[in-house]
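Notes follow the structure.
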Amino acid sequence: MEILTNIINLFGLETKLFIAQVVNFIVLLCILKIFLYEPIAKTLQERKNKIRQGLDDAENAKKALADAENQKTAVLKEAKIDAGKILENTKISCESLKRKSAEDAKKQAEEILANAQKQAENEFEKAGQKIGNMSVDLSEEIVTKILSEIFTQEDKTKILARAVEKIANGGYGKATN
Amino acid sequence: MTLAPSVLVDIGGFHVTNTFVTTIIVDLIIVVLVLAFRASLSLYPKGIQNILEAVYEYFYDASKEVSGKADIIFPWVTTIFLFVVISNLLGQFPGFETIRFFSSAAGQDGAALCRTPTSDLNVTLALAVISIFMCHFYSVKYTGIKGYIGRFISFKMFPIFMFVGLLEFIGEFTKVISLSCRLFGNLFAGETVMGTVSSMFAFGLPLPFMMLELMVAVIQAVVFAMLTMSFMSIMIEKH
């Protein structure tokens, strides 16, 4: 017991000092817990959240960029296909229009030709008719001149009437045949 | 330099020793650091906030690795570390122990006004007792009274586990002694060596010893804090 007391005295161990140190530590712990640990924990959590938010945003932006890139590629691809189709359709339309134009032109030319032919035929027929009329008049005149010298007025009239009738029915050639 | 701290003033039977005065100074330094931290607290750390956040994160992560109950362990461990490391480093300041205080309680030659708190067994013993007491408190809280008693008294494989329990029981006392005496011994020895070397040759020669003491100051603080962490995590886990 004496040795223990000597040791205690040697090291200056005192109950009051010991308790004071314990109280001091507990007070210090409380101060640090309230004013240091909790604010640090809160700040670290906030920072963590902010970093996580930033990373999430970056990830989302990356995804959005990739989506936009994919969309762009898809749109370009679609546009290319559409452009190809339009070009193809235009070519087809153009070809068809060309063919139609050629056919129309051909048809028109044929029509013009047919009309011209028809007109020529009409003209020919008219000319023929005109020539026929002229030959009737001429014949009538010739016969009138000849007959006025040979036949009487009554004979002339009868012959003339018969000749006119014959000519009107197709001419002398036909009648003789 | 004596093993016991020097009494400076006697206030109603309470001996205000030089280590106690230094303890108050250490407390003030910590409070000033905390106030400085609070003043500059922001999401983008700089200065003192960096240091305190680094200490916080180091001990929090270590507590998390060692035990699942980091939130309970780490305030004790970090407070012990901050208190011990600042106490130890304060003793390395030049002229720290050279300011003398004269009073009737200090004696005719007076006494050093300041002395490293951790070179006083009262301080280290108080820290060790708090540390081990809290280990037992949390052990009862988280493992239950049955689990707690089961650590020390077991009738399985009688008498082997009974003997193991007895060793565990003695071990709890030796923990207090080892924790307190290790810190006290290292710091007291360091101060004695520094005092001796400085008295032999004041310039140049103390420099390597000072560097050694700076290392010891940090290492001993980390050792004390880590041992507390490990004791607490062992006691909190079910046996």
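Same order as they appear, the protein sequences are chains E and V.
Take the first sequence: its letter number 108 is residue 110 in the numbering used here, and every next letter is one higher.
Take the second sequence: its letter number 108 is residue 1456 in the numbering used here, and every next letter is one higher.
Every residue gets a Cβ at the ideal spot worked out from N, C-alpha and C, and that includes glycine.
Among the residues of its own chain, which have a CB less than 6 Å from the CB of residue i, if the five just before and after it don't count?
| i | result |
| --- | --- |
| residue 1532(V) | 1469, 1472 |
| residue 1523(V) | 1480 |
| residue 1400(V) | 1385 |
| residue 1538(V) | 1561, 1564 |
Thinking C-beta only, is residue j closer than 8 Å to residue i?
| i | j | result |
| --- | --- | --- |
| residue 1351(V) | residue 12(E) | yes |
| residue 1461(V) | residue 1369(V) | yes |
| residue 169(E) | residue 138(E) | yes |
| residue 1476(V) | residue 1354(V) | no |
| residue 1500(V) | residue 1513(V) | yes |
| residue 1444(V) | residue 1438(V) | yes |
| residue 1510(V) | residue 1517(V) | no |
| residue 1557(V) | residue 1545(V) | yes |
| residue 1440(V) | residue 1565(V) | yes |
| residue 1467(V) | residue 1357(V) | no |
| residue 1391(V) | residue 61(E) | no |
| residue 1404(V) | residue 42(E) | yes |
| residue 31(E) | residue 1427(V) | yes |
| residue 1449(V) | residue 18(E) | no |
| residue 1379(V) | residue 53(E) | no |
| residue 1478(V) | residue 24(E) | yes |
Spatial neighbours of residue i within its chain, please: CB distance less than 7 Å, with the 5 preceding and 5 following residues excluded, ordered by chain position.
| i | result |
| --- | --- |
| residue 1577(V) | 1410, 1411, 1414, 1421, 1425 |
| residue 1487(V) | 1496, 1583, 1584 |
| residue 1581(V) | 1414, 1415, 1421 |
| residue 1569(V) | 1429, 1432, 1433, 1436 |
| residue 45(E) | none |
| residue 159(E) | none |
| residue 1408(V) | 1418, 1422 |
| residue 1543(V) | 1349 |
| residue 7(E) | none |
| residue 179(E) | Bear in mind that a pLDDT of 43 at residue 179(E), under 50, signals an unreliable position, so the number given afterwards is only what the model happens to contain. Closer than 7 Å at Cβ, skipping near neighbours: no residue. |
| residue 1395(V) | 1388 |
Considering just the uninterrupted stretch of the alpha helix (DSSP H) at residue i, what are its terminal residues?
| i | result |
| --- | --- |
| residue 1530(V) | 1508 to 1548 |
| residue 1468(V) | Unbroken run through residue 1468(V): none, as it is neither H nor E. |
| residue 1594(V) | It is not possible to answer for residue 1594(V), since the shown part of chain V is limited to 1349 through 1587. |
| residue 22(E) | 17 to 34 |
| residue 13(E) | 4 to 13 |
List the whole-angstrom C-beta distance separating residue i from residue j, where the pair is believed to meet the contact cut-off of C-beta under 8 Å.
| i | j | result |
| --- | --- | --- |
| residue 1384(V) | residue 20(E) | Not confirmed; about 31 Å, so no contact. |
| residue 1459(V) | residue 1534(V) | Contact flag wrong, Cβ pair sits at about 23 Å. |
| residue 37(E) | residue 1382(V) | 5 Å |
| residue 165(E) | residue 145(E) | 6 Å |
| residue 1446(V) | residue 1586(V) | Contact doesn't hold; Cβ gap of about 53 Å is too wide. |
| residue 1442(V) | residue 1374(V) | In fact, because the Cβ distance is near 18 Å, the residues do not count as touching under 8 Å. |
| residue 1483(V) | residue 1549(V) | In fact, because the Cβ distance is near 45 Å, the residues do not count as touching under 8 Å. |
Return the first residue and the last residue of the beta strand (DSSP E) that residue i is part of.
| i | result |
| --- | --- |
| residue 1362(V) | 1362 to 1365 |
| residue 1359(V) | 1355 to 1359 |
With a threshold of 8 Å on Cβ separation, who are the neighbours of residue i within its own chain once the five nearest residues in sequence on each side are excluded?
| i | result |
| --- | --- |
| residue 177(E) | Caution applies to residue 177(E), whose pLDDT of 45 falls short of 50 and renders its modelled position unreliable; the model cannot decide the point. |
| residue 85(E) | none |
Practice prompt. For the stretch 1412 to 1500 of chain V, list the alpha helix (DSSP H) runs that are entirely contained and at least 4 residues long, ordered along the chain.
Written response: 1418 to 1438, 1469 to 1498
Item to complete: Would you list, in sequence order, the uninterrupted beta strand (DSSP E) runs of no fewer than 3 residues that lie entirely inside the stretch 69 to 123 of chain E?
Response: none
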